[in-house]
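Residue numbers for the sequence shown, in my numbering: 4 to 316.
Here a beta-carbon is modelled for each residue, glycine too, at the ideal position from N, C-alpha and C.
The structure under discussion appears below in the form of structure tokens.
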Amino acid sequence: MLIVTHNGKFHADDAWAVAVLHILYPQAEIVRTRDQAIIDRADLVVDVGGVWEPASGRFDHHQKGFSGARQSGVPYASAGLVWREFGGQCVRSVALTHCGHELSEDKARELAYAIDSDIVQYLDLSDVGAAKNAPGGYGLSAVISGFNPNWLDEQRLGYGEPAEAFRLVEFRRAMALLTDVLVNSVKYRVGALLAVQQVRQSEALEGGRVLFLKNSALPWTQLVRKEMPKVLFVISHSLGEQRYLLHTVPVSAESFEARADLPAAWAGLRDAELAAVTGVPDAIFCHNGRFIAAVKSYEGAREMARQALQALA
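Dropping the structure here:
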């Protein structure tokens, strides 16, 4: 298996595309060149060659007349072209390798579409000049661009084989970073998918106004907002820190506003001060924003939840 992309300066779109293919074909040789003879014999060609033809493994977007775009109108660059073809397959592979979970083809495509919406389309937009990077120049595309050798590197290395060898090393470093981004994105979404039943089956307390989660790492906010309108507070067990957390429930993903706040008298207090106010001897802290508090014991968390409910009444 031979994967070819262009030499010279690289961008996030070609680095992402090759990273995706490398996940699926880890033994493939990666060559960076514009030599047409090498391009012609490659199995997969990314961001070079002037052809978009998935059936023959060609994924370029620079040719005259190219107008490939998503249904939303966002144009494709090489990241999106490769992800469109291989995204679902890549998600399935990552989910199995890193989560031990086998996704159906339909669910993998659904997650791949979400990753395109959250990440891939912005790599394409940046590559075609249709979107700026994040404020301060630290969007993902800008970070990847920073892996390219600067003029000091080129002056030190020259412009021949040593410079190209160095650039290939940097390209692989960029690929590794984007692979981590991709893997983490899949792991998060698979984790959220698998957490749904656990959150639904968690114990309801205080007449359904408090939910108890046995693991603080479970992603719960979206499900609780959508399916559990009675829940005002969530108690969760932090396995890593061996303490219990008392959370408020945000009204939306875009807002810090909660269905109900923790008591104003707790705000910003820690240890003995919080214990004195609550009467809970193992209380640890309450955030000044009144959206989370911590306590060492389950019994203490239950008591603080009761007090929070009483304060609302």
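| Assuming S96 and I26 make a contact with CB atoms under 8 angstroms, what is their CB distance in whole Å? | Residue 96 sits at position 93 when you count from the first residue of the sequence shown. Residue 26 sits at position 23 when you count from the first residue of the sequence shown. Yes, S96 and I26 are in contact; Cβ-Cβ is about 6 angstroms, under 8 angstroms.
| task | Mark A316 as exposed unless 16 or more other C-beta atoms lie within 10 angstroms of its C-beta, in which case mark it buried. | result | The sequence position of residue 316 within the sequence shown is 313, counting from 1. Label assigned to A316: exposed.
| query | So what's E32 in DSSP terms, helix, strand or just coil? | reply | Counted from its first residue, the sequence shown places residue 32 at position 29. Note: E32 maps to strand in three-state DSSP.
| Is V21 near M178, with beta carbons less than 8 angstroms apart? | As a working mapping, residue 21 is identified with position 18 in the sequence shown. As a working mapping, residue 178 is identified with position 175 in the sequence shown. It is a contact, given that the beta carbons lie within the stated cut-off.
| request: Enumerate in chain order the residues of its own chain whose CB-to-CB distance from R305 is below 6 angstroms, with the five nearest sequence positions on each side excluded. | output: Position 302 of the sequence shown, counted from the first residue, corresponds to residue 305. Cβ neighbours of R305 beyond the five flanking positions: none.
| request: Tell me the start and end of each unbroken alpha helix (DSSP H) in the region 54–105 that is at least 4 residues and wholly inside, in chain order. | output: 81–102
| query | Applying the criterion that 16 or more other CB atoms from any shown protein chain within 10 Å of the CB defines a buried residue, is S81 buried or exposed? | reply | Here residue 81 refers to the residue found at position 78 of the sequence shown. Label assigned to S81: buried.
| task | Give the DSSP bridge partners of V49, in chain order. | result | Counting from one through the sequence shown, the residue named residue 49 turns up at place 46. In the DSSP output, where bridge partners are listed per residue, V49 has T8, F62.
| field | Top-ranked residue by Cα proximity to G76, from A133, E105, I287, E209 | value | Walking along the sequence shown from the start, residue 76 turns up at place 73. The option with the nearest alpha carbon to G76 is A133.
| query | Pairing CB atoms from the region 294–314 with CB atoms from the region 231–251, are three or more of them under 8 angstroms? | reply | yes
| query | What are the uninterrupted segments assigned as alpha helix (DSSP H) that are 4 or more residues long and contained completely in the region 236–293, given in chain order? | reply | 274–281
| message | Within the continuous beta strand (DSSP E) that includes V298, where are the two ends? | response | As a first step, residue 298 must be located in the sequence shown, where it is residue number 295. Where V298 is concerned, the enclosing beta strand (DSSP E) stretches over 295–298.
| Near E88, what residues of its chain come up, given a Cβ to Cβ distance below 6 angstroms and the 5 sequence neighbours on each side ignored? | On the sequence shown, residue 88 is found 85 positions in, with the first residue counted as 1. These residues qualify, in order along the chain: P57.
| field | Beta-carbon proximity list for T36, same chain, < 6 angstroms, skipping 5 on both sides | value | By 1-based counting over the sequence shown, the position of residue 36 is 33. The residues are N10.
| query | By how many angstroms is the C-alpha of W86 removed from the C-alpha of D119? | reply | As a position in the sequence shown, residue 119 is number 116, starting the count at 1. As a position in the sequence shown, residue 86 is number 83, starting the count at 1. Near 8 angstroms, if we compare the C-alpha coordinates of W86 and D119.
| message | Taking the straight line between their C-alpha atoms, what separation do you get for V199 and F215? | response | The count along the sequence shown starts at 1 and reaches residue 199 at position 196. The count along the sequence shown starts at 1 and reaches residue 215 at position 212. Straight-line Cα distance between these residues: approximately 14 angstroms.
| Through-space distance from E164 to L126, alpha-carbon basis | Taking the first residue of the sequence shown as 1, we reach residue 126 at position 123. Taking the first residue of the sequence shown as 1, we reach residue 164 at position 161. The alpha-carbon atoms of L126 and E164 are separated by roughly 29 angstroms.
| Would A111 pass as a contact of G91 if the rule is Cβ separation under 8 angstroms? | For the purposes of this step, residue 111 is taken as the residue at position 108 of the sequence shown. For the purposes of this step, residue 91 is taken as the residue at position 88 of the sequence shown. Cβ distance < 8 angstroms, so A111 and G91 count as in contact.
| So what does A207 bridge to, in DSSP terms? | Taking the first residue of the sequence shown as 1, we reach residue 207 at position 204. According to DSSP, which records beta bridges pairwise, A207 is partnered with L214.
| message | If you measure between the beta carbons of L47 and L24, is that distance less than 8 angstroms? | response | Position 44 of the sequence shown, counted from the start, is the residue given in the question as residue 47. Position 21 of the sequence shown, counted from the start, is the residue given in the question as residue 24. Going by C-beta atoms, L47 is nearer than 8 angstroms to L24.
| task | Report back the beta-carbon spacing between V213 and I238 to the nearest angstrom; my notes put them in contact at under 8 angstroms. | result | Here residue 213 refers to the residue found at position 210 when the sequence shown is read from its first residue. Here residue 238 refers to the residue found at position 235 when the sequence shown is read from its first residue. Contact flag correct, Cβ pair sits at about 6 angstroms.
| query | Taking DSSP as the reference, what is the three-state secondary structure of R228? | reply | For this step, residue 228 is matched to residue 225 along the sequence shown. R228 falls in the helix class under three-state DSSP.
| query | With A261 and P222 assumed to form a contact (beta carbons below 8 angstroms), what rounded beta-carbon distance in angstroms separates them? | reply | Position 258 of the sequence shown holds residue 261. Position 219 of the sequence shown holds residue 222. The pair is not a contact, with the Cβ atoms about 17 angstroms apart (cut-off 8 angstroms).
| field | Reference D183, options Q124, V94, H64, closest by Cα | value | For this step, residue 183 is matched to residue 180 along the sequence shown. Nearest of Q124, V94, H64 to D183, Cα basis: V94.
| Residue range of the alpha helix (DSSP H) that R305 falls in? | Residue numbering aside, residue 305 sits at position 302 when the sequence shown is read from its first letter. Counting along the chain, the unbroken alpha helix (DSSP H) around R305 starts and ends at 301–315.
| query | What is the residue span of the alpha helix (DSSP H) that K110 lies within? | reply | To locate residue 110, count along the sequence shown from 1; it is residue 107. Per DSSP, K110 belongs to the alpha helix (DSSP H) from 108–118.
| field | Closest Cα partner of V3 within the set W19, P253, A256 | value | This structure does not reach residue 3, given that the chain is present from 4 up to 316, and the question cannot be answered.
| query | Quick one: Cα of F236 to Cα of E113, how far? | reply | Numbered from 1 along the sequence shown, position 233 holds the residue referred to as residue 236. Numbered from 1 along the sequence shown, position 110 holds the residue referred to as residue 113. Computed Cα separation, rounded: 31 angstroms.
| By Cβ distance below 6 angstroms, which residues in the same chain neighbour F62 in space, the five residues on each side in sequence not counted? | By one-based count along the sequence shown, residue 62 stands at place 59. Once the five neighbours on either side are set aside, the close Cβ partners of F62 are V49, S81, L84, V85.
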